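Trainee: Numbering (our numbering), first residue to last: 1 to 255.
#1: With DSSP as the reference, label residue 61 as helix, strand or coil.
#2: Considering only C-alpha positions, which residue in the set 32, 200, 81 and 176 is nearest to residue 97?
#3: Comparing alpha-carbon positions, which option in 227, 108, 78 and 194 lies nearest residue 57?
#4: Can you tell me where the beta strand (DSSP E) holding residue 53 begins and where it ends?
#5: With distances taken from CA atoms, which of 118, 209 and 199 is nearest residue 95?
#6: Give the C-beta separation of residue 214 and residue 164 to the nearest angstrom, bearing in mind that I take them to be a contact with Cβ-Cβ under 8 Å.
#7: Quick check: the stretch 33-51 against the stretch 122-136, are there 3 or more CB pairs under 8 Å?
#8: Which two residues bound the contiguous beta strand (DSSP E) that contains residue 9?
#9: Is residue 136 helix, strand or coil when you go by DSSP?
#10: Under 9 Å between the Cβ atoms of residue 89 and residue 76?
Following this line, the structure appears as structure tokens:
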């Protein structure tokens, strides 16, 4: 049976995710921006929390953990490299590690750049990746701690996942990301269509997260540093891809 995946809006523009296996009852929460909406999502479905997976140390991804765990017992997993600034971990994870969730392998990927020690969690059987603030819907996280080259390497790693992978990212930034993306690739018909679909979804109060990797590959400028129209528009036809990415990220930072 496929896993149940629930997107939980938190704070003003964050997302947490709940992953549930109906056969075993195993339930994981990925990132905890705040406790109340996540607890409500669990309670209304009658699911018992068994695990919490943390992607990185920023407060808007972990600050609700203590409140969520009040009256609950759950295993907490996060990056070994980030353990000194995460809540206490029951399992410390590193790039290339795997662990079991409901009889499925979960693959750990280091996707440093936004922070050093940021991880993504990928379930190959279900084609789901939790990327938080690394690869985002029509964007990527700001490079706060790592380097531009490091972030490009992380995004390139995620881009190699199967195109049908569901990308569960951490924020509702997609509409603003679209306004920037069209300045990088104004002739991209798929991007124009996506921007229209995003506007319709947001007008209805619907989330634009998660998204499909295939859609990100076709429209997300941060994955398209090797694309000829992007390079031509930036005047960087012969530049290394990492430099093209860095220029796109710098432009977004001041957009």
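Beta carbons are placed, not taken as given, at the ideal position from N, Cα and C, and that holds for glycine. Values in this document were obtained by computation on a predicted structure and should not be read as measured data.
Mentor: Taking the geometry as given:
#1: helix
#2: 81
#3: 78
#4: 51-53
#5: 118
#6: 6 Å
#7: no
#8: 4-10
#9: strand
#10: yes
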